[in-house]
Amino acid sequence: AESFNEGKKLILFGNGGSATDASHIAAEFVNRFKKERPGLPAIALNTDMAVITSIANDYDFSEVFSRQLKSLSEDGDVVIAISTSGSSSNVLKAMDVAKKKKLRIIVFTGAKGEKLASKADYAFIVPSDNTPRIQETHITLGHVLCQMVEEILFETPRRK
440 AESFNEGKKL
450 ILFGNGGSAT
460 DASHIAAEFV
470 NRFKKERPGL
480 PAIALNTDMA
490 VITSIANDYD
500 FSEVFSRQLK
510 SLSEDGDVVI
520 AISTSGSSSN
530 VLKAMDVAKK
540 KKLRIIVFTG
550 AKGEKLASKA
560 DYAFIVPSDN
570 TPRIQETHIT
580 LGHVLCQMVE
590 EILFETPRRK
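Every number in our numbering is 439 more than the matching position in the sequence shown, counting from 1.
Structural data, given as structure tokens:
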């Protein structure tokens, strides 16, 4: 919530089912989750196939998120990296860029995601190696974060 108040944005990414989770969570912030409210700036880096295939073709698939972060992020933005395994090379490379650019890093991963989690400011590690259970928990975490942000930024003050 603090980052949105500072005019910063939320940047999410992942592969496969985690990409779908990243897109879903970004949509909840841009549109709305539970409250009627103004949209919040969020983007999933896994949605633009022209950009992804251009980077993968001209460089390497391991750079599809890191090159986008170099172009689209600024100091103070928040990154949510989603990886059930925590070992995807493109997600790990993006974490190095995020650190260099002083982004706030949140990671959603599974029980074996220690390497990815070690690069985060905040890591949510699902204690499972069952991919469907991990992904279900990740989308729930995204919903909880969105609801918390909505309540902080848009809650009507209660009378005492």
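C-beta: ideal position from N, C-alpha, C; glycine also. Small disclaimer: the values here were computed from a predicted structure and weren't measured.
Inter-residue Cα distance where the pair is residue i and residue j
i, j, result
"residue 577", "residue 497", "32 Å"
"residue 555", "residue 449", "19 Å"
"residue 589", "residue 560", "22 Å"
Option nearest residue i by Cα separation, candidates the options
i, options, result
"residue 550", "566, 537, 556, 562", "566"
"residue 517", "452, 583, 594", "452"
"residue 487", "479, 499, 443, 503", "503"
"residue 513", "519, 500, 499, 540", "540"
"residue 581", "445, 472, 524, 455", "472"
"residue 483", "526, 455, 515, 570", "455"
"residue 461", "535, 594, 585", "585"
Start-to-end residues for the beta strand (DSSP E) that takes in residue i
i, result
"residue 486", "Run containing residue 486: none; DSSP gives neither H nor E here."
"residue 559", "Segment: none, residue 559 is in no beta strand (DSSP E) and carries neither H nor E."
"residue 565", "Taken as a continuous stretch (DSSP letters only), residue 565 belongs to no beta strand (DSSP E), as it is neither H nor E."
Range of the contiguous alpha helix (DSSP H) that encloses residue i
i, result
"residue 583", "570-593"
Below-8 Å beta-carbon distance, residue i vs any chain C residue
i, result
"residue 591", "Absent here is chain C; the protein component of the structure consists of one chain."
Which residues DSSP lists as bridging residue i, in chain order
i, result
"residue 449", "481, 517"
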